[in-house]
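This report concerns only the one structure given below.
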Amino acid sequence: MTYRKQSPSWGSLLGVAAVILAAAPATICTAQGPPAGEMLANGGFNHGLTKWKVEESGAKGLAEAVKEGPSGQSALRIKVLNVGSDAWRLQVYQGGLRIEKGKKYTLEFWAKAAEAGVITVNCMQNHAPWEHHGAATEMALGTTWKLMHFAFDGPWDDKDSRITFTNLATKVGQTYWFTNCSLKAVPGSKPAAPKPTISKGRRVVVWDGEKANVGSGWANPKSSSILRATGDSHSGNTAMELKFKTSHIWVGAGWDWFAWKTGTDIGTDTREMKTLSFWMKSKGKTGALEVQLQCNGDILDTPEHHTIKVKVGKYCPQFLDGKWHQVRIPLTELTQPVGYDPRIVSQIQFGFMAEGEVDGSFLFDDISFDDK
51 MTYRKQSPSW GSLLGVAAVI LAAAPATICT AQGPPAGEML ANGGFNHGLT KWKVEESGAK
111 GLAEAVKEGP SGQSALRIKV LNVGSDAWRL QVYQGGLRIE KGKKYTLEFW AKAAEAGVIT
171 VNCMQNHAPW EHHGAATEMA LGTTWKLMHF AFDGPWDDKD SRITFTNLAT KVGQTYWFTN
231 CSLKAVPGSK PAAPKPTISK GRRVVVWDGE KANVGSGWAN PKSSSILRAT GDSHSGNTAM
291 ELKFKTSHIW VGAGWDWFAW KTGTDIGTDT REMKTLSFWM KSKGKTGALE VQLQCNGDIL
351 DTPEHHTIKV KVGKYCPQFL DGKWHQVRIP LTELTQPVGY DPRIVSQIQF GFMAEGEVDG
411 SFLFDDISFD DK
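51 is the number of the first residue of the sequence shown in the numbering used here; add one for each residue after it.
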């Protein structure tokens, strides 16, 4: 699997708390069996790397169980051999963890680094679509052993979650040590009361960069470009990136997921759909983004017919904060002028008028329609 992007601002996510509990270790005793309620296996690395996995994905690290923990106990030591293109490409994780909606969880572990630095710790799905459980934070490691504490709430039920130590590939030669990793549900916390079963409805994904990745894009060549971008995405490994560097000019691009097919198979039937959904992220100095849909008529090369433009900020006010956000727009608010045919929607268009100088990009992923 390919792990998604990490953002240095994740420490501000709601419901996440991370604090250093102790500056120097006391002698730590290792029990013969796991304590009651312990969710992690082999948290002290007494059995090598059993139950733990190292993901490199372009970076490279040497991971070993060594007797270099507090008081000489076992610990995981991972040395960075190659940083690759992104720090998150080197990570250590344990999956197969059951997380329940509404329950509170606490992760504790001892850690240090050869050079003081910052890593990211998270709880996320250990399966597609690799969503985060709203639980990620940065943690500063020093050169001496410290007990770290990470608390989070389960946002939904998941039988296969994982705890990940990531953003390790920061510098060749940097080395990290981890031991006595423990994950437990907070005593007395209970899962949320079950809600009535609701149909998941129908969802049509028109572009996600992996399975639904057909199509082609265009952009205003004087100001912008739109291309597939790897390594920074909401899910999988590929997103669309609308890049721009200009001033006082319209910036825009479109993506046609039917790749200009001929005949009648030139669009998505949205008549029974209620919502346009996509994930997006901003980088650099950007602008007040707008979005609209387009169809091409009954046959190819007929005049283009658009919906009106709507401002993304109306549906996601925080879309310029540099994080991934889902934008959901009711199709009823994308009005359908004369000529627009909801049976053959083929393109989505993004754009804004540059107020002064802009230099940045917008990333888009997982574009879909759904009936709720």
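A virtual CB, placed ideally from N, CA and C, is assigned to each residue, including glycine. Note that the coordinates shown come from a computational prediction; the quantities given were computed from them, not determined experimentally.
- Contact between Leu292 and Phe400 holds: CB atoms are separated by about 6 Å, below the 8 Å threshold.
- Pairwise C-beta distances place the region 108–126 out of contact with the region 145–155, as fewer than three of them are shorter than 8 Å.
- In terms of Cβ geometry, Ile276 and Gly267 form a close pair [threshold 9 Å].
- Counting every other CB atom within 10 Å of its CB across the protein chains shown gives Gly146 a total below 16, marking it as exposed.
- Runs of the alpha helix (DSSP H) lying entirely within the region 325–370 and spanning at least 4 residues, in chain order: 362–365.
- The criterion of a C-beta distance shorter than 9 Å is not satisfied by Ser232 and Glu106.
- Between Met174 and Thr229, the C-beta gap is not smaller than 9 Å, which leaves the two residues out of contact.
- Here Glu383 is not near Lys359, since their CB atoms are 9 Å or more apart.
- Here Pro237 carries a coil assignment [DSSP, helix/strand/coil].
- Beta-bridge annotation (DSSP): Lys295 is paired with Asp409.
- If only complete runs of 3 or more residues are kept, the region 81–141 shows the beta strand (DSSP E) at 103–105, 110–116, 125–132, in order along the chain.
- Shown here, Ile394 sits in a helix according to DSSP, grouped into three states.
- Using a Cβ-Cβ distance cut-off of 8 Å, the region 366–380 and the region 321–340 are in contact, since at least three pairs of beta carbons, one from each stretch, lie closer than that value.
- Looking from the CA of Ile299, the closest CA among Thr280, Arg321, Ser273 belongs to Ser273.
- The criterion of a C-beta distance shorter than 9 Å is not satisfied by Thr193 and Thr170.
- Lys154 is bridged by DSSP to Asp203.
- Cβ atoms of Ser211 and Trp307 stay farther apart than 8 Å, at about 32 Å.
- Our two residues, Ala161 and Asp416, have alpha carbons roughly 36 Å apart in a direct line.
- If you check the CB distance, Asp136 and Ala219 come in under 9 Å.
- In the DSSP secondary-structure assignment, Asn172 is bridged to Ala186, Thr214.
- In the three-state reduction of the DSSP assignment, Leu381 falls in the helix class.
- When C-alpha distances from Ser297 are compared across Lys261, Ala262, Gly337, Val264, the shortest belongs to Gly337.
- Per the C-alpha coordinates, the member of Glu322, Val142, Gly94, Arg278 positioned closest to Asn172 is Val142.
- Across the set Val388, Ala235, Gly317, Arg321, the C-alpha of Ala235 shows the shortest separation from the C-alpha of Leu90.
- Going by DSSP, Arg278 is part of the beta strand (DSSP E) stretching over 274–280.
- With contacts defined as CB atoms closer than 9 Å, Arg253 and Ser411 fail to qualify as a contacting pair.
- Residues Asn270, Ser273, Ser274, Leu292, Phe294, Gly337, Gly401, Phe402, Met403, Ala404, Val408 of the same chain have their beta carbon placed closer than 8 Å to that of Val301, with the five preceding and five following residues left out of the count.
- Around the beta-carbon of Val256, 16 or more other beta-carbon atoms lie within 10 Å, marking it buried.
- Burial state of Asp371 is exposed, judged by a 10 Å Cβ sphere holding fewer than 16 other Cβ atoms.
- Take the alpha-carbon of Thr357 and the one of Arg393: they are about 13 Å apart.
- Nearest to Glu158 by alpha-carbon distance, out of Ala289, Val104, Gly93, His177, is Gly93.
- Non-local beta-carbon contacts of Ala289 in its own chain, meaning distances under 7 Å to residues more than five positions away in sequence, involve Gly259, Ala279, Asp282, Ser283, Leu413, Phe414, Asp415 in chain order.
- In this structure, Val130 sits away from Gly108, with a CB-CB distance that is not shorter than 9 Å.
- For the pair Gln386 and Val264, the Cα-to-Cα distance works out to about 25 Å.
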